[in-house]
Amino acid sequence: MSVHRRTRREQPPAPRDELVILRITIPSRRLRLGLVLTAVALLLASSIVVALDTATRTSGGSVREAFDFVSFWLNVNYERNLPAWYSSILLVVVALVAWDLARVERVLHRSPWWAWACVAVTFACLSMDELLQMHEQSSTLAVLLLPLIVLFALATLPLLRALPRRIAFQLIGAGAVFVGGSLGMELIGNLLAETSQLLIHLEEAAELIGTALVLAAIAEYREALDHERVDGVAARHVATA
């Protein structure tokens, strides 16, 4: 009597270029809408606080103290408050996603991985600057940053050419909002004797909305890469089964 042992079919080994990587599960449209709406809400709250500042100047005692407390946490012209923290968090999340894309693209060879690393380092520095407010301590820093921005744009040109057209256009638009708005308002403010609240809010709006659009665009590209990799691995397993 012979005993037939049932052998377990071994799965084909995963290719060496497979990586266990972070997956973006938030739909890009909802992510974009949520980030932009949060930025708009913070800017609207700051505008209301600034508008009420004149009305409460004649108030004294606990009313003025309560308003000063709220104004500190919501006014975009102040440091280390909710708008500043939100902006810094957005910038550092962009840096983390870009760094993850650099790791993935180094394997996939879809776009230059070093360009993503450059993006990650740049946004990490911007996040640090947002926390420490280094650009506020020197009126000439915005002018000095202009050549660095040009060099950064030239370094990322190969990246934009390698990306899908939809993602590339989204990044170009987001970069135009971020650089054109923030740096433009900074330069105009340096030319004026006194920076108005309107210019300050326009600058912060450009930074917040531009960063949110950048994050949504690269998150969409990151999610697309995940779907391609999962579908590719599944197809290889079916073909070898």
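Quick note on numbering: the working numbering labels position 103 of the sequence shown as 103, and the sequence is numbered without any gaps.
Beta carbons are placed, not taken as given, at the ideal position from N, Cα and C, and that holds for glycine.
Check                                                                                    : Outcome
Euclidean distance between Cα positions of residue 37 and residue 204                    : 14 Å
Beta-carbon proximity of residue 158 to residue 115, cut-off 7 Å                         : yes
Given residue 39 as reference, the closest of 71, 95, 83, 110 once Cα atoms are compared : 83
Within 7 Å, strictly: CB atoms of residue 176 and residue 214                            : no
First and last residue of the uninterrupted alpha helix (DSSP H) at residue 61           : Counting along the chain, residue 61 falls outside any alpha helix (DSSP H), and DSSP gives it neither H nor E.
Reduced DSSP category for residue 159 - H, G, I as helix; E, B as strand; rest coil      : helix
Residue 83 (DSSP reduced to helix, strand or coil)                                       : helix
Environment of residue 218 [buried if 16+ CB atoms lie within 10 Å]                      : buried
Distance cut-off 6 Å: residue 162 Cβ against heavy atoms of the ligand ADP               : Among the components of this structure there are no ligands whatsoever, and the ligand ADP is therefore not found.
Integer Cβ distance of residue 178 from residue 207, believed to fall under 8 Å          : 6 Å
Status (buried if at least 16 other CB within 10 Å, exposed otherwise) for residue 182   : buried
Test item: CB-CB of residue 127 and residue 91 under 7 Å                                 : yes
Rounded separation between residue 180 and residue 33 - CA only                          : 21 Å
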